[in-house]
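Let me begin by presenting the structure, written as structure tokens, before commenting on it.
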Amino acid sequence: PKHISRFITFVLGGPGSGKGTQCAKIVETFGFKHLSAGDLLRREIVSDTKYGSMILTTIKEGRIVPSEVTVKLILREIQSSDNLKFLIDGFPRSEENRIAFEQIIGAEPNIVLFFDCPEQEMVKRVLSRNQGRIDDNIDTIKKRLKVFEALNRPVIDHYAKKGKVHKINAVGTEDQIFEQVRPVFAAFEQ
Ligand code: UP5
Ligand code: MG
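Numbering (the UniProt record's numbering), first residue to last: 55 to 244.
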């Protein structure tokens, strides 16, 4: 069955740490399917589904959308993809998210990438992004950083204890950072 050979990578790191940017490079080089939880949630806002307004408010306040909503969106993408290699970007953001996902999919991620970036650098990047994201303002960024430390950090610690975390120094040029990412995936290519 399909699920036996799935390879799942969780891509974690604070707001603006470069998750999306590096995922694009991993897709190009290693052929993964990129699933950004934030993008999937923002798509729900745009298509104004029944969760749209709740998601909008939650993102604006830098809080975490309930697991049942996010897991359902991710699962739908996994199940409808022909690809078996997934980058799940920006999820799980809390222990509750992690447990919900592992229970539903019945598996743990194969590896976890953690982009380690100083707060001042993350703030600078997010504020200069200029893509009209409703959460890219200084008030929301401060909240996103707090939520990251309080709720996402325990997820990273959990997988670190299991030896699954590959910590990447997220400061430098995009290419310098990718040179740290490349060997992590090259090790799994035959
Ligand atoms: N940039 C990238 N690399 C650079 C480098 N090496 N040097 C200089 N600049 C660099 O990068 C951010 C910016 O920095 C870009 O302009 C880029 O060009 C530049 P990006 O790759 O976009 O960083 P990323 O880590 O993806 O930042 P993002 O803002 O997307 O991270 P968040 O984790 O904050 O956002 P996400 O979209 O994942 O989530 C948004 C919100 O959705 C959350 O706050 C939450 O409210 C909600 N959410 C949930 O509730 N549940 C979920 O599971 C997921 C999200
Ligand atoms: Mg992103």
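Positions of the beta carbon are idealized from the N, C-alpha and C atoms, including for glycine.
Quiz item: Using the beta-carbon count (16 or more within 10 Å), is Ile113 buried or exposed?
Solution: The sequence position of residue 113 within the sequence shown is 59, counting from 1. Under this definition Ile113 is a buried residue.
Exercise. Answer yes or no: the CB of Arg179 versus the heavy atoms of ligand 1, is any distance below 8 Å?
Key: Residue numbering aside, residue 179 sits at position 125 when the sequence shown is read from its first letter. Yes, ligand 1 has a heavy atom inside 8 Å of this Cβ.
Quiz item: If we call anything under 9 Å between Cβ atoms a contact, is Phe61 one with Phe242?
Solution: Taking the first residue of the sequence shown as 1, we reach residue 61 at position 7. Taking the first residue of the sequence shown as 1, we reach residue 242 at position 188. Cβ distance < 9 Å, so Phe61 and Phe242 count as in contact.
Self-check item: beta strand (DSSP E) segment containing Gly67, residue limits
Solution: By 1-based counting over the sequence shown, the position of residue 67 is 13. Per DSSP, Gly67 belongs to the beta strand (DSSP E) from 61-67.
Exercise. At 3 residues or longer, and completely inside the region 126-165: list those beta strand (DSSP E) runs for me, N to C.
Key: Complete beta strand (DSSP E) runs here, min 3: 139-143.
Quiz item: Rounded to a whole number of angstroms, what is the C-alpha to C-alpha distance between His57 and Asn151?
Solution: What you label residue 57 is simply residue 3 of the sequence shown in a count that begins at 1. What you label residue 151 is simply residue 97 of the sequence shown in a count that begins at 1. Caution is warranted here: a pLDDT of 47 is assigned to His57, below 50, making its placement in the model unreliable, and the coordinate value is therefore given only provisionally. Straight through space, the alpha carbons of Asn151 and His57 are spaced by roughly 20 Å.
Quiz item: Thr227: beta carbon under 8 Å from a heavy atom of ligand 1?
Solution: As a first step, residue 227 is located in the sequence shown; it is residue number 173 there, counting from the start. At least one heavy atom of ligand 1 is nearer than 8 Å to the Cβ of Thr227, so yes.
Quiz item: How long is the line joining the alpha carbons of Glu131 and Glu149, rounded to whole angstroms?
Solution: Locating residue 131 in the sequence shown gives position 77, counting from the first residue. Locating residue 149 in the sequence shown gives position 95, counting from the first residue. It is roughly 22 Å from the alpha-carbon of Glu131 to the alpha-carbon of Glu149.
Exercise. Verify whether the separation of the beta carbon atoms of Val219 and Leu199 is less than 9 Å.
Key: Within the sequence shown, numbered from 1, the residue matching residue 219 stands at position 165. Within the sequence shown, numbered from 1, the residue matching residue 199 stands at position 145. No, Cβ-Cβ distance for Val219 and Leu199 is not below 9 Å.
Quiz item: So what's Asp170 in DSSP terms, helix, strand or just coil?
Solution: Reading the sequence shown from its first residue, position 116 is the one you call residue 170. Asp170 falls in the strand class under three-state DSSP.
Practice problem: Tell me where the alpha helix (DSSP H) around Ser107 begins and ends. | Solution: In the sequence shown, the residue the question calls residue 107 occupies position 53. Its alpha helix (DSSP H) spans residues 106-114.
Quiz prompt | Reduced DSSP category for Val81 - H, G, I as helix; E, B as strand; rest coil | solution = Translated into the one-based positions of the sequence shown, residue 81 becomes position 27. Val81: helix per DSSP, three-state reduction.
Quiz item: Does the beta carbon of Thr83 fall short of 8 Å from some heavy atom of ligand 1?
Solution: In the sequence shown, counting from the first residue as 1, residue 83 sits at position 29. Relative to the non-hydrogen atoms of ligand 1, the Cβ of Thr83 never comes closer than 8 Å to any of them.
Quiz prompt | Contact set for Leu89: own chain, Cβ-Cβ below 7 Å, skip 5 residues either direction | solution = To locate residue 89, count along the sequence shown from 1; it is residue 35. Correct list, in chain order: Ile128, Glu131, Phe140, Leu141, Ile142, Asp143.
Quiz prompt | Alpha carbon of Pro207 to alpha carbon of Tyr105, nearest angstrom | solution = In the sequence shown, the residue the question calls residue 207 occupies position 153. In the sequence shown, the residue the question calls residue 105 occupies position 51. What sits at residue 207 in the sequence shown is Arg, not Pro. So the two alpha carbons sit approximately 26 Å from each other.
Practice problem: Use the C-beta contact count for Gln185: other C-beta atoms within 10 angstroms, 16 or more gives buried, fewer gives exposed. | Solution: Translated into the one-based positions of the sequence shown, residue 185 becomes position 131. Counting Cβ neighbours within 10 Å, Gln185 comes out exposed, since fewer than 16 surround it.
Self-check item: Endpoints, beta strand (DSSP E) assigned at residue 245
Solution: An answer regarding residue 245 cannot be provided, because it is not within the stretch 55 to 244 covered by the chain.
Quiz item: Comparing alpha-carbon positions, which option in Glu175, Ser134, Asp93 lies nearest Ser71?
Solution: Residue numbering aside, residue 71 sits at position 17 when the sequence shown is read from its first letter. With distances taken between CA atoms, Ser71 lies nearest to Glu175 out of Glu175, Ser134, Asp93.
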